[in-house]
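Below is one structure, written out as structure tokens; comments come after it.
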Amino acid sequence: MEKTASELAPSWLSIPKDVNAISKSIWPASFVRDASGEIQVGGVSVAQLVAKYGSPLMVIDQADFISRAQVVKQAFDSAASKIQTSAKVYYASKSLSTTEVVKWVAANGLNMDVCSAGELALALAGGIEPGRIGLHGNNKSVSEIDEAVTAGVGAIVIDSEIEIERIASISSSQNKIQNVRIRVNSGVHAFTHEYLATSREDQKFGIAIADVPELVAKIRSHSQLNFLGLHSHIGSQIFSVEGFIESVKRLLPLHKLLLEEGSVPELNLGGGFGINYTAADQAPEVSFFASEICSEVEKQCRELGIEVPVLCFEPGRVISGPAGVTIYTVGTIKDVQISSDDAKQSRKYVSIDGGMSDNPRPSLYSADYSALLVSRSSAAAPVVSRVVGKHCESGDIVVKDCYLPADISPDDLLAVAATGAYCHSLASNYNYLPRPAMVAVLEGKVKVLMNAETESAMLSRDPGYQTP
């Protein structure tokens with residue numbers, strides 16, 4: 001049976017010795033199985049959480065999130081200090097953001113980057129100081145720029161020439177001086193999924209290196225604008241440091257050139273540091289990235305004969321991703337017979353009560369995830385399985401390849417790991433499914449981060465809908 005199952009599974013997926021085991025490299029720190037076999041997270045049982053807040057349910061281990069934020073900040077602070085500079089860490093709010101999350105970020109000394117008026121409003125509502133906010137976006141509207149300048153955000157990242165005049169005009173009308181960066185398309189491509197390649201020449205973000213000096217001169221011609229420095233982002237879910245090293249090598253000569261005409265106090269090297277979604281993943285520690293990047297910055301600055309600038313980084317997924325899990329209720333189950341080399345093989349399809357509406361990443365990016373039976377332990381053998389959603393799409397797959405116990409049954413609770421990043425923020429109402437609740441757990445206590453969306457609230461946007 002194990003031989004047959006393994007033939008259907010990808011080569012990276014190993015048959016578990018214990019189908020109840022919890023990989024600490026994937027699941028949150030407080031994710032443990034109690035004596036009865038049920039999973040506790042943050043000191044609360046998954047069954048209790050689902051009974052009160054519904055299913056599907058997004059759960060954030062608050063202590064794990066905060067610990068990861070502290071580790072990231074300390075790693076960059078330490079690495080920057082070793083090269084006689086300082087670091088600013090901007091939490092990428094697009095990965096996961098609620099007013100409570102903003103409070104955690106602010107309380108632990110991180111800044112925050114936002115990409116829209118909505119994210120800006122949320123960050124301000126969470127209480128973070130406006131000066132610690134950076135505004136991104138390739139198509140910032142005049143109203144969004146106005147709101148950012150009015151709020152007093154610490155930096156606006158310029159993504160196109162037209163934004164220079166817009167920001168200058170709005171800042172002048174408010175009698176303010178606005179700090180700005182300029183996003184550089186360095187041509188460096190982190191080896192990730194095509195849609196995540198956000199720093200190549202033929203794409204919507206940034207300004208070509210050759211065009212930067214002229215645009216910086218335009219920025220400096222406006223007394224209402226203060227140029228902070230260059231910004232680069234080379235991709236997402238990155239396991240290798242080489243892309244960052246190459247980006248440093250390309251940006252610092254430009255940085256030196258710009259110093260000839262004025263101050264360039266900072267260099268923002270973005271984020272995109274990867275995490276483990278499966279037991280086969282081996283994401284480097286953030287301290288490795290911090291040390292290697294800062295070391296290269298110091299080396300290049302020494303060779304160029306310039307001072308090391310203040311360094312800025314924008315991690316998101318590496319903080320929020322592993323701290324989150326999504327709990328689903330199992331619905332229908334079917335064993336699908338597959339013929340291969342004249343041998344019949346079977347894959348167990350396990351349908352859950354969510355899917356691509358609460359986690360579209362597998363459909364969008366072919367992202368791999370891990371699943372675990374969490375409402376009980378099982379003595380059954382592991383069988384190759386696929387966890388699928390309830391949407392009317394053949395591509396509605398949540399976990400493409402995993403091993404689950406052969407006796408998995410309807411009404412069991414199943415958890416998917418590392419859903420703290422880009423699941424809540426990408427969630428939709430596809431097939432008119434309401435978006436799930438999200439809660440934080442800490443030392444046996446639960447706090448609602450996002451209420452479950454009701455069907456009537458979802459449908460109320462349609463003026464022709466009448467509540468029964």
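Just so you know, we're using full-length UniProt numbering here: the sequence shown kicks off at 1 and counts up by one.
Glycine included, C-beta positions come from ideal geometry on N, C-alpha and C.
For clarity, every value in this text was computed on a predicted model and none was experimentally measured.
Continuous alpha helix (DSSP H) stretch holding residue i: start and end
| i | result |
| --- | --- |
| Leu254 | Glu242 to Leu259 |
| Gln48 | Val46 to Tyr53 |
| Ser171 | Ile162 to Ser173 |
Residue span of the beta strand (DSSP E) that contains residue i, given as start and end
| i | result |
| --- | --- |
| Leu449 | Lys445 to Met450 |
| Gly229 | Leu225 to His231 |
| Arg220 | First-last for Arg220: Val212 to Arg220, but that is the alpha helix (DSSP H), not the beta strand (DSSP E). |
| Ala87 | Ala87 to Ala92 |
| Phe313 | Val310 to Phe313 |
| Leu442 | Ala437 to Leu442 |
Residue i versus residue j - alpha carbon distance
| i | j | result |
| --- | --- | --- |
| residue 474 | Met58 | Absent from the model: residue 474. The displayed extent of the chain is 1 to 468, so no value can be given. |
| Thr198 | Ala381 | The pLDDT assigned to Thr198 is 46, lower than 50, so where the model puts this residue is not dependable; a value taken from the coordinates is nonetheless given after this. Straight-line Cα distance between these residues: approximately 43 Å. |
| Lys176 | Gly354 | 48 Å |
| Phe65 | Val105 | 9 Å |
| Ala51 | Ile275 | 30 Å |
| Val439 | Glu453 | 13 Å |
| Ile158 | Pro362 | 32 Å |
| Lys3 | Val416 | Caution is warranted here: a pLDDT of 41 is assigned to Lys3, below 50, making its placement in the model unreliable, and no coordinate value can be reported. |
| Leu49 | Val330 | 16 Å |
| Met356 | Ala421 | 14 Å |
| Leu122 | Phe289 | 30 Å |
| Tyr91 | Lys103 | 12 Å |
| Met112 | Lys88 | 10 Å |
| Asn138 | Asp202 | 14 Å |
| Glu147 | Ala168 | 14 Å |
| Ser456 | Leu426 | 21 Å |
| Lys445 | Gly324 | 16 Å |
| Val398 | Arg347 | 15 Å |
| Leu442 | Ala63 | 6 Å |
| Gln345 | Ile327 | 29 Å |
| Val241 | Gly272 | 11 Å |
| Leu13 | Leu372 | 14 Å |
Short Cβ contact (8 Å threshold) for residue i with residue j
| i | j | result |
| --- | --- | --- |
| Val308 | Ala75 | no |
| Leu251 | Ser236 | no |
| Ser93 | Val114 | yes |
| Val264 | Gly229 | yes |
| Val248 | Ile293 | yes |
| Val188 | Gly243 | yes |
| Pro28 | Asp61 | yes |
| Ile234 | Gly270 | yes |
| Arg33 | Ile39 | yes |
| Leu254 | Val212 | yes |
| Ser351 | Val19 | no |
| Val46 | Ser30 | no |
| Pro284 | Phe313 | no |
| Lys73 | Leu124 | no |
Residue-level contact to chain D via CB, residue i, 8 Å cutoff
| i | result |
| --- | --- |
| Gln300 | Protein chains in the displayed structure number just one, and chain D is not present. |
DSSP beta-bridge partners of residue i
| i | result |
| --- | --- |
| Lys344 | Ser339 |
| Asp113 | Ala92 and Gly134 |
| residue 475 | The chain is shown from 1 up to 468; residue 475 falls before or after that span and cannot be answered. |
| Ala415 | Ile327 and Leu372 |
| Asn185 | Ala208 |
| Ala155 | Gly134 |
| Pro405 | Pro382 |
| Asn268 | His231 and Cys312 |
| Met458 | DSSP, once it has assigned bridges, lists no residue as partnering Met458. |
Anticipated Cβ contact below 8 Å, residue i with residue j, distance rounded
| i | j | result |
| --- | --- | --- |
| Asp401 | Ala9 | 6 Å |
| Ile338 | Glu296 | With 8 Å as the limit, Ile338 and Glu296 do not qualify as a contact, their Cβ atoms being about 48 Å apart. |
| Tyr277 | Ala69 | At roughly 20 Å, the Cβ-Cβ gap does not stay under 8 Å, so Tyr277 and Ala69 are not in contact. |
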